[in-house]
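Enquirer: I'd like to ask you about the structure that follows.
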Ligand SMILES: Nc1ncnc2c1ncn2[C@@H]1O[C@H](COP(=O)(O)OP(=O)(O)O)[C@@H](O)[C@H]1O
Ligand SMILES: [Mg+2]
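In this note's numbering, the protein residues as written are 515 to 819.
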C-alpha cells in the first residue's frame, strides 16, 4: 500500500509491514471515529525505532516513548496510529488531570444521571490509539485509574456503571520527556505496564536525514548550519546553560519552510527558535548561537537553490 511506502523505503522488515496491513484489514474503523484517523504531518524516520514499536503494537503491548525533547516521540506515536489505521485519542497530562477527564463523569440529562464518557473510555470503545502525552506530569493517583486498562485485564471500571472491555485494537502510547534537568519520574507500577523505548537524542546524522527528506532542494552548506544551530542548543541545554524552550526542532524546520517562501533566514530562525524563550538572558545566549551559524546577510538563495 502506497501510504506505507515510507516504511519500505527505510528498509523496515516486510513481515512487520504485512502484519500492519493485516491489522488494518481485521479492524475496520467505526464511522464516528473515522475523522480521528489522520495522516501524520510528517513520516517518522528511524527504522529500528519503527520496528521495535510496530512489533510491540502487534503483540498487543502498550508503549512508553521516553527521551529528550525533540526526539520525535509524538511524531512516532502519530505515525504508529496511522500505520495501523487507528483513530487517535490524545490526552495531554498535567497536574490537574483527573479520572473524570480520562474515564468519565456524571452529568444530568433531563432528570437522569448519565455518564459523560472520558477520552480513554472513547478510545477503548473505538479501538483507538490513546496517546498519553507527558504521562509523567500527572499525579500518581490520577493515573492509577488506568492500571486495569493498561495491563492484561484490558478493562475500564467505571464506578457506578458497568465495566467495559477494551476493543482488541486499542493501544496506549505514553510519552515522557527526560534527559534534561527537572524530569518528573513515573512510578514503577505504571512503567511496568509498558514496553519502553528509549528515544535517542538527535545527532548530526539523524538530523541530516530529516532535513534531506524534508528539504531535498536545500543547499548542503546551509542545511549544515541549521543543523548546527540545533546541536549547539542541544549541547547548551544539556549543560543547563539554557532551558529546552528554544530547543525546538519543529520550529527550526518551520523556519526552513518560511525561508523557502521568501523570508530571510535570520528572520525565520528568530520566529522559529530565538523567540521561543521569553527570558532576556537566555534569549541572548540563543541569539549568539544563531548569529555564529546564520549570517544576517543570508537570503533565500543562500539556503535554497
Ligand atoms: N525521527 C524523526 N522523524 C521525523 N521527524 C522527526 C524525528 N525526530 C524529530 N522529528 C521532528 O522533530 C519535531 C519534534 O518532534 P516531536 O515528536 O514533537 O518531539 P518530542 O515529542 O519528542 O518532543 C517534529 O516536528 C518532527 O519534525
Ligand atoms: Mg512531545
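Quick reminder that beta carbons are idealized off the backbone N, C-alpha and C, glycines included. As the structure is a computational prediction, the values presented were derived from the model and not from experiment.
Along the chain, where does the alpha helix (DSSP H) containing residue 654 start, and where does it finish?
Expert: Where residue 654 is concerned, the enclosing alpha helix (DSSP H) stretches over 654 to 657.
Enquirer: Enumerate in chain order the residues of its own chain whose CB-to-CB distance from residue 765 is below 7 Å, with the five nearest sequence positions on each side excluded.
Expert: Taken in chain order, the residues that qualify are 786, 787, 790.
Enquirer: Can you check DSSP and say which residues form a bridge with residue 793?
Expert: For residue 793, which the question treats as bridged, DSSP gives no partner whatsoever.
Enquirer: Tell me which same chain residues have a C-beta within less than 8 Å of the C-beta of residue 741, skipping the five on either side of it?
Expert: Answer for residue 741: 718, 721, 722, 725, listed in chain order.
Enquirer: Indicate, with yes or no, if ligand 2 has a heavy atom lying under 7 Å from the CB of residue 822.
Expert: Past the boundaries of the shown model lies residue 822; the chain is included only from 515 to 819, so the question cannot be answered.
Enquirer: Any heavy atom of ligand 2 within a distance shorter than 7 Å of the CB on residue 757?
Expert: Checking the Cβ of residue 757 against ligand 2 gives no.
Enquirer: Can you grab the Cα-Cα spacing for the pair residue 704 / residue 710, in whole Å?
Expert: Using only the alpha carbons, I get a separation of about 11 Å.
Enquirer: Check whether the Cβ of residue 556 lies closer than 7 Å to any heavy atom of ligand 1, and answer yes or no.
Expert: Under cutoff, so the answer is yes.
Enquirer: Please confirm whether any heavy atom of ligand 2 lies closer than 7 Å to the CB of residue 689.
Expert: Residue 689: yes, Cβ under 7 Å from ligand 2.
Enquirer: Between the C-alpha atoms of residue 690 and residue 773, what's the straight-line distance to the nearest angstrom?
Expert: The alpha-carbon atoms of residue 690 and residue 773 are separated by roughly 32 Å.
Enquirer: Does the beta-carbon of residue 584, which I'm using as the reference point, lie nearer than 7 Å to any heavy atom of ligand 1?
Expert: Indeed, a heavy atom of ligand 1 lies less than 7 Å from the Cβ.
Enquirer: When the Cα of residue 538 is compared with those of 557, 594, 576, which residue comes out closest?
Expert: Closest option to residue 538, Cα to Cα, is 594.
Enquirer: Is residue 645 helix, strand or coil by DSSP?
Expert: Here residue 645 sits in strand by DSSP.
Enquirer: Measure the C-alpha to C-alpha separation of residue 613 and residue 631 and round it to an integer number of angstroms.
Expert: Their backbone Cα atoms lie some 11 Å apart in a straight line.
Enquirer: Looking at residue 763 and ligand 1, is the gap between the Cβ and the nearest heavy atom below 7 Å?
Expert: Indeed, a heavy atom of ligand 1 lies less than 7 Å from the Cβ.
Enquirer: Check whether the Cβ atoms of residue 602 and residue 558 lie closer than 8 Å to each other.
Expert: Contact: no.
Enquirer: Give the single residue among 817, 542, 701 whose Cα lies nearest to the Cα of residue 832.
Expert: The shown model of the chain, from 515 to 819, leaves out residue 832, and the question about it has no answer.
Enquirer: Ligand 2 and residue 647: does the residue's C-beta get closer than 7 Å to at least one heavy atom of that ligand?
Expert: Yes, the beta carbon of residue 647 sits closer than 7 Å to at least one heavy atom of ligand 2.
Enquirer: Relative to the alpha-carbon of residue 762, which residue among 798, 582, 519, 575 has its alpha-carbon at the smallest distance?
Expert: With distances taken between Cα atoms, residue 762 lies closest to 582.
Enquirer: Using the three-state DSSP reduction, which class does residue 578 fall into: helix, strand or coil?
Expert: Correct three-state label for residue 578: strand.
Enquirer: Do the CB positions of residue 749 and residue 716 come within less than 8 Å of each other?
Expert: No, the Cβ-Cβ distance between residue 749 and residue 716 is not below 8 Å.
Enquirer: Please find out if some non-hydrogen atom of ligand 1 comes closer than 7 Å to the beta-carbon of residue 617.
Expert: Not under cutoff, so the answer is no.
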